[in-house]
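All remarks here apply to the structure that follows.
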Amino acid sequence: MRIKKIAITGGGTGGHLKIAKVIKDELNKRGIKPIYIGSTSGADKAWFENDEGFEKTYFLPSSGVVNKKGFGKINALTHIIKLSLKAKKILKEHNIQAVFSVGGYSAAPASFAAILSKTPLFIHEQNAHIGSLNKLLKPFSKRFFNTFLYGDPYPVEDIFFDTARVRKELKTIIFLGGSQGAVAINDLAVSIAKDLNSKGIKIIHQTGKRDFERIKRFYLENGIEADVFDFHPDLSEKIQKADFAVSRAGASTLFELAANQIPTLFIPYPYAAGDHQYHNAKFIADKNAGFVIRQNETDKNKILELISGLDLFTLSQNLKDLNKKNGAEIIVSEILTNGIISQKGAK
Numbered sequence: 515m516r517i518k519k520i521a522i523t524g525g526g527t528g529g530h531l532k533i534a535k536v537i538k539d540e541l542n543k544r545g546i547k548p549i550y551i552g553s554t555s556g557a558d559k560a561w562f563e564n565d566e567g568f569e570k571t572y573f574l575p576s577s578g579v580v581n582k583k584g585f586g587k588i589n590a591l592t593h594i595i596k597l598s599l600k601a602k603k604i605l606k607e608h609n610i611q612a613v614f615s616v617g618g619y620s621a622a623p624a625s626f627a628a629i630l631s632k633t634p635l636f637i638h639e640q641n642a643h644i645g646s647l648n649k650l651l652k653p654f655s656k657r658f659f660n661t662f663l664y665g666d667p668y669p670v671e672d673i674f675f676d677t678a679r680v681r682k683e684l685k686t687i688i689f690l691g692g693s694q695g696a697v698a699i700n701d702l703a704v705s706i707a708k709d710l711n712s713k714g715i716k717i718i719h720q721t722g723k724r725d726f727e728r729i730k731r732f733y734l735e736n737g738i739e740a741d742v743f744d745f746h747p748d749l750s751e752k753i754q755k756a757d758f759a760v761s762r763a764g765a766s767t768l769f770e771l772a773a774n775q776i777p778t779l780f781i782p783y784p785y786a787a788g789d790h791q792y793h794n795a796k797f798i799a800d801k802n803a804g805f806v807i808r809q810n811e812t813d814k815n816k817i818l819e820l821i822s823g824l825d826l827f828t829l830s831q832n833l834k835d836l837n838k839k840n841g842a843e844i845i846v847s848e849i850l851t852n853g854i855i856s857q858k859g860a861k
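Using this note's numbering, you'd call the opening residue of the sequence shown number 515 and step up by one each time.
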């Protein structure tokens with residue numbers, strides 16, 4: 515049975531929402547407008563409330579359960595059950611034939627609604643460490659997509675592949691703290707900026723909004739020319755100019771960098787659930803395609819030594835086959851044919 519009525523659910527953070535967006539875009543290319551079911555919390559509304567690529571968007575007052583204890587957890591579970599029944603009515607109203615979840619707490623109501631209504635549930639887990647909700651729902655899913663476990667392609671916007679190039683010489687380095695910023699990466703950049711500048715290495719620096727003024731002032735006061743910004747709508751434009759990156763290791767960012775073939779030093783966010791950013795980065799490092807250093811182990815001299823000894827060509831070449839350009843196309847094709855392609859590994 516070919517599926518035409520799709521609901522996309524989940525989000526909370528940019529990593530989850532990027533996957534929702536690229537899958538939505540691929541469905542739109544095929545003349546399908548899915549509905550979206552997210553949360554009033556997190557970034558869901560900011561991303562999709564006015565997105566005309568969806569037939570309709572719903573934002574339910576869902577919240578996380580994992581960090582709650584005692585009666586708080588019981589109340590949260592009761593709340594999710596109520597929201598799941600509401601989501602079930604939404605699925606019925608739109609005659610939804612399949613639900614695609616990107617995980618995160620905002621995916622819970624629609625995912626449970628899919629199970630209750632016996633609607634095929636497809637799950638995309640972005641990280642090497644499976645999230646709590648996805649781990650719970652995995653046995654009930656029609657298909658569980660994961661690059662780290664099963665080698666499934668990771669959906670990345672085409673622009674990162676289209677502008678890819680093999681790096682050979684370090685002329686420019688980019689520091690990526692994410693749109694929210696990462697003080698640890700900003701501080702590292704500041705500590706080595708003068709050394710990089712003395713070697714003629716140009717700097718591109720995404721600071722995040724909260725730290726923008728401090729970092730911008732540092733470069734100005736020290737006479738260092740740097741491309742400093744808090745947020746940029748097309749980060750691929752900045753990444754393609756650089757030869758080496760220093761970044762957090764959220765899965766979407768990691769695979770965007772890999773698609774562009776830019777060697778990267780990953781400094782994982784130390785408080786990520788299940789330490790998933792470290793495991794994401796280790797996947798790259800184990801293939802001799804990048805580096806990973808714990809945040810509490812970052813040292814100016816150690817980083818400068820690593821940078822001075824880079825074999826950019828080898829690292830860049832090793833990134834070439836880590837992912838496929840048509841990831842969203844492959845996933846959507848499988849969803850639309852009701853998951854007739856066999857699951858690689860455990861279901």
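Glycine included, every Cβ here is placed at the ideal spot set by N, Cα and C.
Status (buried if at least 16 other CB within 10 Å, exposed otherwise) for residue i
i, result
"Glu671", "buried"
"Phe662", "buried"
"Ile854", "Here Ile854 scores only 46 on pLDDT, less than 50, and its place in the model is too uncertain to base an answer on."
"Lys814", "exposed"
"Arg728", "exposed"
"Pro747", "exposed"
"Asn645", "Checking the displayed sequence, the identity of residue 645 turns out to be Gly instead of Asn. By the 10 Å Cβ count, Gly645 comes out buried."
"Glu639", "buried"
"Ala860", "Reliability fails at Ala860, whose pLDDT of 36 lies under 50, so the model's placement of it is uncertain and the value that follows must be treated cautiously. By the 10 Å Cβ count, Ala860 comes out exposed."
"Thr527", "buried"
"Glu540", "buried"
"Gly665", "exposed"
"Asn609", "exposed"
"Leu591", "exposed"
"Gly823", "exposed"
"Lys723", "exposed"
Span of the alpha helix (DSSP H), counted from its first residue to its last, around residue i
i, result
"Ile537", "Gly528 to Lys543"
"Phe654", "It is not in any alpha helix (DSSP H) - Phe654 carries neither H nor E in the DSSP assignment."
"Ala622", "Ala622 to Leu630"
"Thr633", "No alpha helix (DSSP H) contains Thr633, which DSSP labels as neither H nor E."
"Ser577", "From DSSP, Ser577 is part of no alpha helix (DSSP H); its letter is neither H nor E."
Proximity of residue i and residue j at Cβ, strictly below 9 Å
i, j, result
"Phe758", "Ile688", "yes"
"Thr633", "Val616", "no"
"Leu826", "Lys713", "no"
"Ser555", "Pro575", "yes"
"Ala707", "Ile753", "no"
"Gln461", "Asn641", "As displayed, the chain neither begins before 515 nor continues past 861, which places residue 461 out of reach and without an answer."
"Phe726", "Val742", "yes"
"Glu569", "Ile549", "yes"
"Ala763", "Phe745", "no"
"Val760", "Pro782", "no"
Delimiting residues of the beta strand (DSSP E) encompassing residue i
i, result
"Gly552", "Ile549 to Ser553"
"Val760", "Phe758 to Ser761"
"Val570", "The displayed chain sequence assigns Lys, not Val, to residue 570. Residues Lys570 to Leu574."
"Ile522", "Ile520 to Thr523"
"Val846", "That residue, Val846, is in no beta strand (DSSP E); its alpha helix (DSSP H) goes Gly841 to Leu850."
"Val613", "Ala612 to Ser615"
"Ile688", "Thr686 to Leu690"
Segments of 4+ residues assigned as alpha helix (DSSP H) that fall wholly inside the region 715–749: 726–735
Touching by the beta-carbon criterion (3+ pairs, under 8 Å), the region 527–547 and the region 816–834: no
Three-pair Cβ contact test at 8 Å for the region 674–681 versus the region 769–784: yes
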